[in-house]
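Under this note's numbering, read the sequence shown as residues 262 to 473, first letter to last.
Idealized CB from N, CA, C, for every residue including glycine.
One structure below.
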Amino acid sequence: MGVSPINTVTMTIKTIATALISIVELPYAYDALEPYISAETLHFHHDKHYAGYVAKLNELIDGTRYATLPLEDIVLTSDGAIFNNAAQAWNHVFYFEQFSPTPHHHPSDGLRRAIDAEFGSLEVLKERMTTHATTLFGSGWVWLAADRDGRLFIISKPNAGTPLTDDLMPLIAIDVWEHAYYLDYRNMRKNSVEDFWKILDWRVIDERYNRI
Ligand code: MN
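This is the structure in structure tokens:
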């Protein structure tokens, strides 16, 4: 018995509908950010925590109206467990992509002017974000974000929180969940944030800012 054309079409549609959200690989080797973020931390952080959020999200959205949406649209239109897993999936891709083993340590002119206007200097911005990261109680994220006019804001968000839901464009994400630093820094969250700046690639942040 042959496969009828109708069955072939049905199978194709089903394959597309179940593709859902896929894992984004790291843009560098697991040991590329040592000694500031170890290969062990990145294996757990990317392959277990981040991949776990994606797997859980796909389980939750399978067969729902979210199943065919891009990840960012799921973040913007969901709540509860679907929001938590979608936002964590989005936040982690954004987080991993901002690092480089050969980073640029300073923003270019346009972003630097915005930083100077809002905070006075790059050093003050780093100090303030570090303070936010060390004083955020429990798990969450500290963000640098911009509004549509390019004005900058430092925002602390608990759990899976993201500036996307405030209609702001994220620029920098500091993950202050313990899984982001505990293997390398134990309870020394502040040290992990001080080292964060050594691998943050301002070329990536410039590109994000220039897209506003
Ligand atoms: Mn994390």
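Inset, instruction - Could you check the C-alpha separation between residue 285 and residue 324 for me, to the nearest Å? - result: Locating residue 285 in the sequence shown gives position 24, counting from the first residue. Locating residue 324 in the sequence shown gives position 63, counting from the first residue. Straight-line Cα distance between these residues: approximately 22 Å.
Inset, instruction - Would you list the residues whose beta-carbon is nearer than 7 Å to any heavy atom of the ligand MN, in the order they occur in the chain? - result: The set of residues whose C-beta lies within less than 7 Å of a heavy atom of the ligand MN reads, in chain order, 306, 310, 311, 353, 356, 436, 438, 440 and 441.
Inset, instruction - State the Cα-Cα distance for the pair residue 358 and residue 315, rounded to the nearest angstrom. - result: Translated into the one-based positions of the sequence shown, residue 358 becomes position 97. Translated into the one-based positions of the sequence shown, residue 315 becomes position 54. CA-CA distance, residue 358 to residue 315, rounds to 17 Å.
Legend entry - Extent of the continuous alpha helix (DSSP H) run through residue 454: Locating residue 454 in the sequence shown gives position 193, where the first residue counts as 1. It spans 450-460 - the alpha helix (DSSP H) in which residue 454 sits, taken as one unbroken run.
Inset, instruction - Output yes or no for whether 7 Å exceeds the beta carbon distance between residue 434 and residue 404. - result: Locating residue 434 in the sequence shown gives position 173, counting from the first residue. Locating residue 404 in the sequence shown gives position 143, counting from the first residue. Their beta carbons are under 7 Å apart, which means residue 434 touches residue 404 by this criterion.
Inset, instruction - Check whether the Cβ atoms of residue 415 and residue 389 sit closer than 7 Å, and answer yes or no. - result: As a working note, residue 415 is residue 154 in the sequence shown. As a working note, residue 389 is residue 128 in the sequence shown. Cβ atoms of residue 415 and residue 389: closer than 7 Å.
Legend entry - Inter-residue Cα distance where the pair is residue 343 and residue 321: As a position in the sequence shown, residue 343 is number 82, starting the count at 1. As a position in the sequence shown, residue 321 is number 60, starting the count at 1. Rounded to the nearest whole angstrom, the CA to CA distance from residue 343 to residue 321 is 6 Å.
Inset, instruction - Could you tell me if residue 401 is buried or exposed, where buried requires 16 or more neighbouring beta carbons within 10 angstroms of its beta carbon? - result: If you number the sequence shown from 1, residue 401 lands on position 140. In this structure residue 401 is buried. Its beta-carbon is surrounded by 16 or more other beta-carbon atoms within 10 angstroms.
Inset, instruction - Return the residue from the list 298, 430, 382 and 303 that minimises the CA-CA distance to residue 471. - result: Start at 1 with the first residue of the sequence shown, and residue 471 comes out as number 210. Nearest C-alpha to residue 471: 430.
Inset, instruction - Measure the Cβ-Cβ separation of residue 423 and residue 345 and say whether it is below 7 Å. - result: For this step, residue 423 is matched to residue 162 along the sequence shown. For this step, residue 345 is matched to residue 84 along the sequence shown. One thing to note: residue 423 has its Cβ no nearer than 7 Å to the Cβ of residue 345.
Inset, instruction - Report the three-state DSSP secondary structure of residue 438 (helix, strand or coil). - result: Stepping through the sequence shown from its first residue, residue 438 is reached at position 177. Reduced to three states, the DSSP call for residue 438 is coil.
Inset, instruction - With DSSP collapsed to three states, give me the class of residue 285. - result: Numbered from its first residue, the sequence shown carries residue 285 at position 24. DSSP, reduced to helix, strand and coil, places residue 285 outside both helices and strands of the structure shown, so it counts as coil.
Inset, instruction - Can you grab the Cα-Cα spacing for the pair residue 337 / residue 331, in whole Å? - result: For the purposes of this step, residue 337 is taken as residue 76 along the sequence shown, with counting starting at 1. For the purposes of this step, residue 331 is taken as residue 70 along the sequence shown, with counting starting at 1. Between residue 337 and residue 331, the C-alpha separation is close to 10 Å.
Legend entry - As assigned by DSSP and simplified to three states, the class of residue 383: Walking along the sequence shown from the start, residue 383 turns up at place 122. For residue 383, the secondary structure class from DSSP, reduced to helix, strand or coil, is helix.
Inset, instruction - Using the Cα positions of residue 459 and residue 387, report the straight-line distance between them to the nearest angstrom. - result: As a working mapping, residue 459 is identified with position 198 in the sequence shown. As a working mapping, residue 387 is identified with position 126 in the sequence shown. The straight-line gap from Cα to Cα measures roughly 11 Å.
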